[in-house]
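Heads up: the structure comes next, in structure tokens.
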Amino acid sequence: MRSDMSKTCHKKGPQASIAANLLTLKKQLADGCKACGRDPADVKFLAVSKTVNDQRLQQALDLGVRRFGENRVQEAQAKWPPLRQKFPDIELHLIGPLQTNKVKQAVELFDVIETLDRPKLAAHLAKECARTGKYLPLLVQVNIGEEPQKAGISPHDAVNFARDAIEHHGLNVTGMMCIPPLEAPPAPYFALLTKLTREAGLQEISMGMSGDFTIAAQLGATTVRVGSGLFGAREEI
Ligand SMILES: *Cc1c(COP(=O)(O)O)cnc(C)c1O
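Just add 84 to wherever you are in the sequence shown, counting from 1, and you've got my numbering.
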């Protein structure tokens, strides 16, 4: 009896914490939205599941989480196809860099690619979308802080790049995403991404992570990407 009980407790621990984290996140989002008169239903969580193992993913799925973000094609390919069989309504986003030699795999595997970050990738995606007939939604990744080490289109070029991807390449670009500089307060960068997205006539705005998603929501995010806030701290890989 005793050993059974400790087993149950052991199993319940992490699950309870994902459940508790999810409640906390929803409450924080609701409070943040309320403070600025925004409907929390207009802001969706993307559960960032990079490095998260199957057991934890299953717990999130059992709690009803269906939108997930992965930053590596290879890792996503290994984790998600079996889970998708069980949960056909999963929505999987690529939020990490996409090499042109993985475009075929990525278009097949993902429902949304958030990291359209250069003209060459637009050309490759255009070919693959045309070949497969799968015109999946794409977000333009904007290098919002113009950091030399970061991927993304310069804020000065982002609107024209998005227009060109739609009009010239026929891509289904639906919005923009950004990762602001680590060291600076994110609000001005979030505000700029919203401005650029609206200028381009697009709807989707993916910005904000565990540490700053309420600010992002207040400044126009339609998707906030939360990893450690839901699943707990990641081991660096
Ligand atoms: C890892 C990652 C996140 C989530 O970061 P947390 O701080 O764990 O919430 C969001 N967006 C991108 C692009 C990421 O790579």
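Just so it is clear, CB atoms sit at the ideal spot from N, CA and C, and this is done for glycine as well.
- Within the same chain, Ile228, Gly229, Pro270, Tyr273 come within 6 Å of Pro264 by CB-CB distance, once the 5 residues on both sides are set aside.
- A distance filter of 5 Å between CB atoms and the heavy atoms of ligand 1 selects the following residues in sequence order: Val132, Asn155, Ile179, Met293, Ser294, Arg309, Val310, Gly311, Ser312.
- The DSSP-derived three-state label of Arg202 is coil.
- By a beta-carbon distance limit of 8 Å, Ile179 contacts Gly153. Their separation comes to about 4 Å.
- Residue ranges of uninterrupted beta strand (DSSP E) with 3 or more members, entirely inside the segment 163-191 and ordered along the chain, are 175-178.
- Residue pairing of Ser290 in beta bridges, as defined by DSSP: Met261, Thr307.
- Taking C-alpha positions only, Lys163 is separated from Val127 by approximately 26 Å.
- Beta-carbon to beta-carbon, Arg122 and Gln287 are separated by about 15 Å, too far to satisfy the 8 Å threshold.
- Secondary structure at Arg151: strand, using DSSP grouped into helix, strand and coil.
- Annotation: Leu314 to Thr306 spans about 18 Å, alpha carbon to alpha carbon.
- Relative to Ala317, the option among Lys204, Ala206, Cys117, Lys134 whose CA is nearest is Lys134.
- Straight through space, the alpha carbons of Pro124 and Glu283 are spaced by roughly 23 Å.
- Under the three-state reduction of DSSP output, Ile228 falls in the coil class, being neither helix nor strand.
- Val132 sits close to Gly311, with the two beta carbons spaced by under 8 Å.
- Cβ-Cβ distances below 8 Å link Ala268 to Gly229 in the same chain, with the five nearest sequence neighbours on each side left out; the list follows chain order.
- In the DSSP annotation of this structure, Phe194 is not part of any alpha helix (DSSP H), being labelled neither H nor E.
- Linking Gln161 to Leu193 through their CA atoms gives a straight-line distance of about 7 Å.
- Here Leu223 is bridged, per DSSP, to Gly259.
- Contact between Met260 and Val308 fails: their C-beta atoms lie close to 14 Å from each other, not under 8 Å.
- Where Val132 is concerned, the enclosing beta strand (DSSP E) starts and stops at 128-132.
- Between Glu159 and His177 a beta carbon distance of about 13 Å is seen, past the 8 Å cut, so the two are scored as non-contacting.
- In this structure, Lys188 is the residue among Asp195, Gln233, Lys204, Lys188 with its C-alpha nearest to the C-alpha of Ala214.
- With a cutoff of 8 Å on beta-carbon distance, Leu147 and Ala210 are scored as not near each other.
- No residue range can be given for Arg156, since it is assigned to no alpha helix (DSSP H) and is classified by DSSP as neither H nor E.
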